[in-house]
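Undergrad:
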DNA sequence: ATTTTTAATTGGTATTTTCGATTATCATAA
DNA sequence: TTATGATAATCGAAAATACCAATTAAAAAT
């Protein structure tokens, strides 16, 4: 049996893949450029294959090299987890936990969540990161993040998920406008172009449109906001109506406004909230406990 | 950041766990006893925890040590897979594939399967192992086997599975006896204690009894056989009736006998055939192709 | 033409790994 | 009680390796 590749060399490869430059990668690993260079050559010899194509000035990862990087990432992160686990004496609720959250969820859960986790698991070091779904998924894959709190349905690529709960959408509008619309909501009574939404980078836009059966509706205004708080301000200025998730309302986003929230048409106008993680993780138990904490904060908890 | 544990030391730990003896473990790893001993100590220092309790003569793995072994196994096998993958230039259908099969499936698929795999993937080295479900699951966990072909439903512990297809049970009896029973089968017309089954180590016994709704029936004979071929011989000797899976009949197990097969009572008298693998594997693609080959050999193919 | 940037190479040093021999401890047999 | 055998830890020397600084080689930028 040939010798296993060393974790050190694999980590050199990962750094090189990330930096795409020997010097920077070497600095990243706190070794000299020559060390990293020969480490990579060493690895190629051991694996008996070409990982990068060199052209005397620059280089390129081969297809096989890219795949080796993928697998190496899993191995390195599993090793890091083992190290951390053992050093924590088997206490799974200890050490850093890097959680990524999309912007239409983050502001309405992180306050309560970090307080509750701090109380229950004081040694857990929660590191939050707010970004779009696509960026978060990329960073999860990279090993830069451990778990993601996303709105579903969504293509989560090769990852696994737990559905934590449901978050209903509410139609939010000025109370004067609400009177002319009445309940149940009849979108036809709204003026054309009077529904404002977030930029399409935010998955909530798609979810709200789908959930409320408004695809291609003339009612929608082409101007898009970058945050829920902007949307609320616009609605409060009588510019029109918008959709706001229940969790934002529960957190008081409508306080000090003249806005009211109505139940939209369609019996299931809601998004699912899910926790997403790599299938190769060895920290399911840790994640599960965090999942339970998050689920308790949601408008509708469906975690079984 | 503290240094990652070396794969070498982790493999020493695994060997020690398997052999429960420093000398044998060292021999297993092709190193001296002192090397292995200090490797373990080294690992304990790096992980900053006690993995084994020593009492100057013998030793015992601590609870934490056992858990570290579990995680280390995943890391080592992922590394082996990476090595193998890269050395095979990314060809996933190459090198050894260790497949475990239960005795009530093995004889009826391995002939065709190994022939087909040999034809399609000549570089794939299929290594078969026949054992009971429980032993196979243990060996899968150990990293001793890569995938298992089992009959389901079954507790497959933390593993993952694909359902490949269905295998109906048939009631098999001597043609003279069959005349007195008639169709549809009425078990009441069979003499008491005239149904013979396999030893209870074989999961097929439970599956057949459940599928045909015969729990605690007075019709069953307490004598149990160790193989399907024995059962068939007994039925042919007019000792009674028995259940035989369709795949065995398709393979001609009833040839040169005076036996007939009848459809048992109960609309779903069948077992599922599933392929089971570790959730941490990185060879899903390889396994999937094997799964497809196996599914094609089953009486009812349900692999989607 | 010169300088800068990049990765590979070289040669020497420091570190780590490994082994064989030895020691210490215990269980068991004589 | 004293040998004997088995075990795991320890020690010191030897071998393997990992690492760095300096250099080279090639290309790109100035």
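Protein chains in written order, with the numbering used here: chain G, 1 to 304; chain U, 305 to 608.
Built from N, CA and C at the ideal position, the CB exists for glycine as well.
Count the other CB atoms within 10 Å of the CB of residue 313 (chain U); is the residue buried (16 or more) or exposed (fewer)?
TA: With 16 or more Cβ atoms within 10 Å of its Cβ, residue 313 (chain U) is classed as buried.
Undergrad: In this structure, does DSSP put residue 107 (chain G) in helix, strand or coil?
TA: It is helical.
Undergrad: Check whether the Cβ of residue 516 (chain U) lies closer than 9 angstroms to any Cβ atom in chain G.
TA: No - not a single Cβ of chain G is within 9 angstroms of the one on residue 516 (chain U).
Undergrad: Short of 6 angstroms in beta carbon distance, which residues of its chain neighbour residue 61 (chain G), apart from the five on each side in sequence? Order them along the chain.
TA: The answer, listed in chain order, is 52.
Undergrad: Can you tell me whether residue 142 (chain G) is helix, strand or coil according to DSSP?
TA: Looking at residue 142 (chain G) - three-state DSSP - the assignment turns out to be helix.
Undergrad: Does residue 387 (chain G) come out as helix, strand or coil in the three-state DSSP assignment?
TA: Shown here, chain G extends from 1 to 304; a query on residue 387 (chain G) therefore has no answer.
Undergrad: Helix or strand or just coil, what does DSSP make of residue 388 (chain U)?
TA: Helix.
Undergrad: In chain G, which residues lie with their C-beta within 7 angstroms of the C-beta of residue 379 (chain U)?
TA: Per Cβ cutoff of 7 angstroms: 75, 78, 79, 82.
Undergrad: Can you tell which of U:344, U:372, U:363 has its C-alpha closest to the C-alpha of residue 80 (chain G)?
TA: Among U:344, U:372, U:363, the Cα nearest to that of residue 80 (chain G) belongs to U:372.
Undergrad: Taking only the alpha-carbon atoms, compute the straight-line gap between residue 526 (chain U) and residue 498 (chain U) and give it to the nearest angstrom.
TA: Taking the straight line joining both Cα atoms gives about 9 angstroms.
Undergrad: For residue 233 (chain G), would you say it is in contact with chain U, using Cβ-to-Cβ distances shorter than 9 angstroms as the test?
TA: By this cut-off, residue 233 (chain G) is not an interface position.
Undergrad: For the beta strand (DSSP E) containing residue 458 (chain U), list its first residue and its last residue.
TA: That residue, residue 458 (chain U), is in no beta strand (DSSP E); it is neither H nor E in DSSP.
Undergrad: Just to check my reading of the structure: residue 584 (chain U) and residue 378 (chain U) have Cβ atoms closer than 8 angstroms, yes? What is that Cβ distance to the nearest angstrom?
TA: Contact flag correct, Cβ pair sits at about 5 angstroms.
Undergrad: Decide if residue 167 (chain G) is buried, meaning its Cβ has at least 16 other Cβ atoms within 10 Å, or exposed.
TA: Residue 167 (chain G) should be labelled buried.
Undergrad: Please return the same chain residues whose Cβ sits closer than 6 angstroms to the Cβ of residue 590 (chain U), not counting the five positions on each side in sequence.
TA: Correct list, in chain order: 396.
Undergrad: Considering Cα atoms alone, identify which of U:420, U:306, U:522 is closest to residue 495 (chain U).
TA: Out of U:420, U:306, U:522, U:522 has the C-alpha closest to the C-alpha of residue 495 (chain U).
Undergrad: For a minimum of 3 consecutive residues, which ranges assigned as the beta strand (DSSP E) are wholly contained in the stretch 525-568 of chain U?
TA: Entirely contained in the stretch 525-568 of chain U, the beta strand (DSSP E) runs reaching 3 residues are, in chain order, 545-549, 563-566.
Undergrad: Would the beta-carbon of residue 189 (chain G) fall within 9 angstroms of that of residue 180 (chain G)?
TA: Contact flag set, yes.
Undergrad: Among U:409, U:531, U:528, U:481, whose alpha-carbon lies nearest the alpha-carbon of residue 551 (chain U)?
TA: When each option's Cα is compared against that of residue 551 (chain U), the closest is U:409.
Undergrad: Suppose contacts are defined by Cβ-Cβ distances below 9 angstroms. Is residue 297 (chain G) in contact with residue 112 (chain G) by that definition?
TA: Yes, the pair counts as a contact, with Cβ atoms nearer than the cut-off.
Undergrad: With DSSP as the reference, please indicate the residues paired to residue 294 (chain G) in a beta bridge.
TA: None; residue 294 (chain G) has no bridge partner.
Undergrad: Within its chain, find whatever has a CB closer than 8 angstroms to the CB of residue 47 (chain G); leave out the 5 residues flanking it on each side and keep chain order.
TA: Closer than 8 angstroms at Cβ, skipping near neighbours: 5, 68.
Undergrad: Determine the extent of the beta strand (DSSP E) in which residue 129 (chain G) is found, giving its start and end residues.
TA: First-last of the beta strand (DSSP E) with residue 129 (chain G): 124-130.
Undergrad: In this structure, does DSSP put residue 591 (chain U) in helix, strand or coil?
TA: In the structure shown, residue 591 (chain U) sits in a helix (DSSP, three-state: H, G or I).
Undergrad: Is residue 43 (chain G) helix, strand or coil by DSSP?
TA: Helix.
Undergrad: Check the Cβ of residue 280 (chain G) against every Cβ in chain U and list those closer than 7 angstroms, keeping chain order.
TA: Correct list: 584.
Undergrad: I need the DSSP call for residue 278 (chain G), collapsed to helix, strand or coil.
TA: Three-state DSSP puts residue 278 (chain G) in coil, outside helix and strand.
Undergrad: Is residue 479 (chain U) near residue 563 (chain U), with beta carbons less than 9 angstroms apart?
TA: Yes, they are a contact pair.
Undergrad: Please say whether residue 477 (chain U) and residue 394 (chain U) have beta carbons closer to each other than 9 angstroms?
TA: Contact: no.
Undergrad: Whose C-beta lies closer than 8 angstroms to the C-beta of residue 597 (chain U) among residues of the same chain, with five residues either side of it excluded?
TA: Cβ within range, chain order: 417, 420, 421, 424.
Undergrad: Does the beta carbon of residue 45 (chain G) come closer than 9 angstroms to any beta carbon on chain U?
TA: Chain U contact via Cβ: absent.
Undergrad: From residue 457 (chain U) to residue 405 (chain U), what distance separates their C-alpha atoms?
TA: So the two alpha carbons sit approximately 15 angstroms from each other.
Undergrad: Write down the C-beta distance between residue 228 (chain G) and residue 209 (chain G) rounded to the nearest angstrom, noting that I regard them as a contact closer than 8 angstroms.
TA: Rounded, the Cβ-Cβ distance is 15 angstroms, inconsistent with contact.
Undergrad: Mind listing the chain G neighbours of residue 581 (chain U)? Cutoff is C-beta to C-beta under 8 angstroms, in chain order.
TA: Correct list: empty, because the minimum Cβ distance to chain G is about 12 angstroms.
Undergrad: Closest to residue 576 (chain U) by C-alpha separation, out of U:558, U:500, U:468, U:362, would be which residue?
TA: The candidate whose alpha carbon is nearest that of residue 576 (chain U) is U:468.
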